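Have a look at the structure below, then the notes.
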Amino acid sequence: MSHPDFRRAAEVIRSADALLIGAGAGMGVDSGLPDFRGTEGFWKAYPAYEKLGLDLGSMANPQWFESDPELAWGFYGHRLGLYRATEPHPGFSLLRDWASRMRHGAFVFTSNVDGHFQKAGFAEERIVEVHGSLHFVQCLGGTCKGVQPAAPYTVDVDLETFRARQPLPRCATCGALVRPNILMFLDPGWEYARSRDQRQRLDRWLEEVRPRRLAIIECGAGKAIPSVRGFCEVKAQAHDATLIRINVREADVPREDDIRLPFKALEALRAIDEELRRA
Ligand SMILES: [Zn+2]
Numbered sequence: 001m002s003h004p005d006f007r008r009a010a011e012v013i014r015s016a017d018a019l020l021i022g023a024g025a026g027m028g029v030d031s032g033l034p035d036f037r038g039t040e041g042f043w044k045a046y047p048a049y050e051k052l053g054l055d056l057g058s059m060a061n062p063q064w065f066e067s068d069p070e071l072a073w074g075f076y077g078h079r080l081g082l083y084r085a086t087e088p089h090p091g092f093s094l095l096r097d098w099a100s101r102m103r104h105g106a107f108v109f110t111s112n113v114d115g116h117f118q119k120a121g122f123a124e125e126r127i128v129e130v131h132g133s134l135h136f137v138q139c140l141g142g143t144c145k146g147v148q149p150a151a152p153y154t155v156d157v158d159l160e161t162f163r164a165r166q167p168l169p170r171c172a173t174c175g176a177l178v179r180p181n182i183l184m185f186l187d188p189g190w191e192y193a194r195s196r197d198q199r200q201r202l203d204r205w206l207e208e209v210r211p212r213r214l215a216i217i218e219c220g221a222g223k224a225i226p227s228v229r230g231f232c233e234v235k236a237q238a239h240d241a242t243l244i245r246i247n248v249r250e251a252d253v254p255r256e257d258d259i260r261l262p263f264k265a266l267e268a269l270r271a272i273d274e275e276l277r278r279a
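Counting from 1, position 9 in the sequence shown corresponds to residue 9 in full-length UniProt numbering; the numbering is continuous, with no gaps.
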């Protein structure tokens, strides 16, 4: 696939010393993860919730861990299993490849909670998971602080009802129920320290690379929850960097020099890579 904007994007990447990668839900969809876009998309992935009239907004509520923990862990336990079983698509390694040729490498800023940048080989200390990660849990007992890896837990989910079977994940220290360390809707109880520390590392890196040429590439980050989009726009402005925005439906860019690629993440990353190889 050739397109003048792919060539421009390749030039920006080739001449950069550092790469800031923004990623939203569209990045995961290309690995085969379900598209939660709209209520229809959500119910297609989780038909059991359609019968209950529950959409993503009502499921992603921490209240369920108190009122109906089997329902809550049914949803998140299933997603955890899916994220573990799914391999990140080849676009992740293309990004890693490009960054490996840059003096300052890459930093990732993602709203995805699937842990797929780590799984694709990006260093843990070069990733910000702005909405947390499903691969970590936090205790609901009220006394334990911080987060724990979700690795020891497997959740047995009934695929008819999407309810979790007992035993549910419990805190190794105090025995109370744990919940995923991700930001849900109406969620003042989210333990955000891990995400905050990641963010501080990113801020330090951005200071380090400030005198250098920074390229910003954003993959599949929509307007519905605009944390990633907004962040990339602000940093592009602050660093006088070109923003490469890959978004199949919402590719509009704030500045004339930014690059607008209305494609799916993987196909655009492949096309840019072809241009890079051509040189
Ligand atoms: Zn505990």
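C-beta atoms are modelled at their ideal positions from N, C-alpha and C, and glycine is treated no differently.
Source: prediction; values computed, not measured.
Fewer than three pairs of CB atoms, one per stretch, sit closer than 8 angstroms, so the stretch 200–211 makes no contact with the stretch 178–188. Within the stretch 126–213, the runs of beta strand (DSSP E) that reach at least 3 residues and sit entirely inside it are, in chain order, 127–129, 132–139, 178–182. Between the stretch 91–111 and the stretch 14–21 there are three or more C-beta pairs closer than 8 angstroms, enough to call the two in contact. Restricting attention to beta strand (DSSP E) runs no shorter than 3 residues, the stretch 212–240 encloses them at 214–219, ordered along the chain. Gln198 sits buried, since 16 or more C-beta atoms from the chains shown fall within 10 Å of its C-beta. Residue environment for Thr242: buried (at least 16 other C-beta atoms within 10 angstroms of its C-beta).
Near ligand 1, residues with a Cβ at less than 6 angstroms from any of the ligand's heavy atoms are Cys139, Gly141, Cys144, Cys171, Thr173, Cys174, Ala176; the list follows chain order.
A direct Cα-Cα distance of roughly 35 angstroms separates Gly230 from Gly141. Under DSSP, Ala23 shares a beta bridge with Thr110, Cys219. According to the DSSP assignment, Leu243 belongs to the beta strand (DSSP E) that extends over 242–246. Ala224 and Arg260 have their C-alpha atoms roughly 18 angstroms apart. For Arg270, the secondary structure class from DSSP, reduced to helix, strand or coil, is helix.
Collapsing the DSSP output to three states places Ala16 in coil. Considering only Glu129, Arg245, Arg212, Glu218, the residue with the shortest C-alpha distance to Ser15 is Arg212. Counted as a single uninterrupted DSSP element, the beta strand (DSSP E) harbouring Arg260 occupies residues 259–261. Between Leu134 and Leu80 the beta-carbon gap is near 5 angstroms, inside 8 angstroms, which marks them as a contact.
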